[in-house]
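Visitor: First residue of the sequence shown: 0, per numbering that gives the first Met the number 0; consecutive thereafter.
A virtual CB, placed ideally from N, CA and C, is assigned to each residue, including glycine.
Only a predicted model underlies this, so the values are computations on that prediction, with no experimental measurement involved.
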Amino acid sequence: MNTAIRLLLVCLFSPVALSAEFTKGPVIKNYGGVAEVIQSSPLTGEERFKVAFDVAEQGESGKANRRFESLARFLNMQARAGVPPEQVELALVVHGKAGFDLLASRHYREKFGGDNPNAPLLAALQKYNVRVYLCGQSAAYHGIENAQLLPGVNMALSAMTAHALLQQQGYTLNPF
0 MNTAIRLLLV CLFSPVALSA EFTKGPVIKN YGGVAEVIQS SPLTGEERFK VAFDVAEQGE
60 SGKANRRFES LARFLNMQAR AGVPPEQVEL ALVVHGKAGF DLLASRHYRE KFGGDNPNAP
120 LLAALQKYNV RVYLCGQSAA YHGIENAQLL PGVNMALSAM TAHALLQQQG YTLNPF
């Protein structure tokens with residue numbers, strides 16, 4: 000049987016519908032929509048995660064950065080699969096133009112004409128101890144100063160340095 004037919008059969012008879020409904024929560028209530036999935040090898044609830052996410056692209060105007068929302072999705076997915084949020088440690092390393100998405104609303108408003116749509120998401124993530132780092136090299140290039148950042152954002156020497164230190168602390172890099 001050729002690969003295309005095999006793929007079609009898997010899609011047609013898979014227990015997960017192709018038009019699955021994505022819902023938000025239970026950890027980050029207003030962000031991070033995920034679908035229910037019947038896993039081949041379900042998680043046990045004993046898993047521990049230490050994951051770093053890397054974001055360089057600025058979000059769409061007026062919307063939370065979709066890449067930042069990936070952290071909310073990760074937390075929500077694990078919780079639905081039975082892994083308690085306290086067993087999930089996440090870090091967000093931001094560089095490039097995405098640094099503008101970390102500006103406090105006053106500074107964001109001055110630059111873009113509206114409140115920072117990322118502020119509520121980042122505040123919700125930080126309630127679950129998500130560590131947020133801005134690349135100092137990108138900040139210097141784009142003229143972003145420490146005093147302009149949202150609360151809880153840490154200025155790193157560089158994104159490369161932040162990732163190297165996080166790896167030494169046991170974090171893996173999420174490729175998405």
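Taking just the CA atoms, how far does residue 118 sit from residue 55?
Guide: Residue numbering aside, residue 55 sits at position 56 when the sequence shown is read from its first letter. Residue numbering aside, residue 118 sits at position 119 when the sequence shown is read from its first letter. In a straight line, the C-alpha of residue 55 is about 17 Å away from that of residue 118.
Visitor: Going by other Cβ atoms of all chains shown within 10 Å of its Cβ, with 16 needed for buried, is residue 140 buried or exposed?
Guide: Here residue 140 is taken as the residue at index 141 of the sequence shown, counted from 1. Flag for residue 140 reads exposed.
Visitor: Does residue 53 come out as helix, strand or coil in the three-state DSSP assignment?
Guide: Counting from one through the sequence shown, the residue named residue 53 turns up at place 54. In this structure, residue 53 counts as strand in the three-state DSSP scheme.
Visitor: Does the region 16 to 35 touch the region 151 to 158, meaning 3 or more C-beta pairs lie closer than 8 Å?
Guide: Segments in contact, no.
Visitor: Which value, in whole angstroms, describes the spacing of the CA atoms of residue 89 and residue 49?
Guide: Taking the sequence shown and counting its residues from 1, one reaches residue 89 at position 90. Taking the sequence shown and counting its residues from 1, one reaches residue 49 at position 50. Cα-Cα distance, rounded: 6 Å.
Visitor: Have a look at residue 35 and residue 51 and give me their C-alpha separation to the nearest angstrom.
Guide: Here residue 35 refers to the residue found at position 36 when the sequence shown is read from its first residue. Here residue 51 refers to the residue found at position 52 when the sequence shown is read from its first residue. When rounded, the distance between both Cα atoms is 24 Å.
Visitor: For residue 145, count neighbouring C-beta atoms within 10 Å of its own C-beta (all shown protein chains included) and say buried if the count is 16 or more, exposed if not.
Guide: Your numbering for residue 145 matches position 146 in the sequence shown. Exposed, by the Cβ-count rule.
Visitor: Check whether the Cβ of residue 29 lies closer than 8 Å to any Cβ atom in chain B.
Guide: Absent from the structure: chain B. Only one protein chain is present.
Visitor: On the premise that residue 70 lies in contact with residue 129, defined as a C-beta separation below 8 Å, what is that separation, rounded to the nearest angstrom?
Guide: Within the sequence shown, the letter at position 130 stands for residue 129. Within the sequence shown, the letter at position 71 stands for residue 70. Yes, residue 129 and residue 70 are in contact; Cβ-Cβ is about 6 Å, under 8 Å.
Visitor: Just to confirm before moving on: does the CB-CB distance between residue 127 and residue 172 stay below 8 Å?
Guide: As a working mapping, residue 127 is identified with position 128 in the sequence shown. As a working mapping, residue 172 is identified with position 173 in the sequence shown. No, the Cβ-Cβ distance between residue 127 and residue 172 is not below 8 Å.
Visitor: Note down the Cα distance separating residue 103 from residue 158, rounded to an integer number of angstroms.
Guide: Locating residue 103 in the sequence shown gives position 104, counting from the first residue. Locating residue 158 in the sequence shown gives position 159, counting from the first residue. Looking at the two C-alpha atoms, the distance is approximately 20 Å.
Visitor: Go through the region 120 to 166 residue by residue and report every complete run of the beta strand (DSSP E) that reaches 3 residues or more, in order.
Guide: 130 to 134 and 152 to 155
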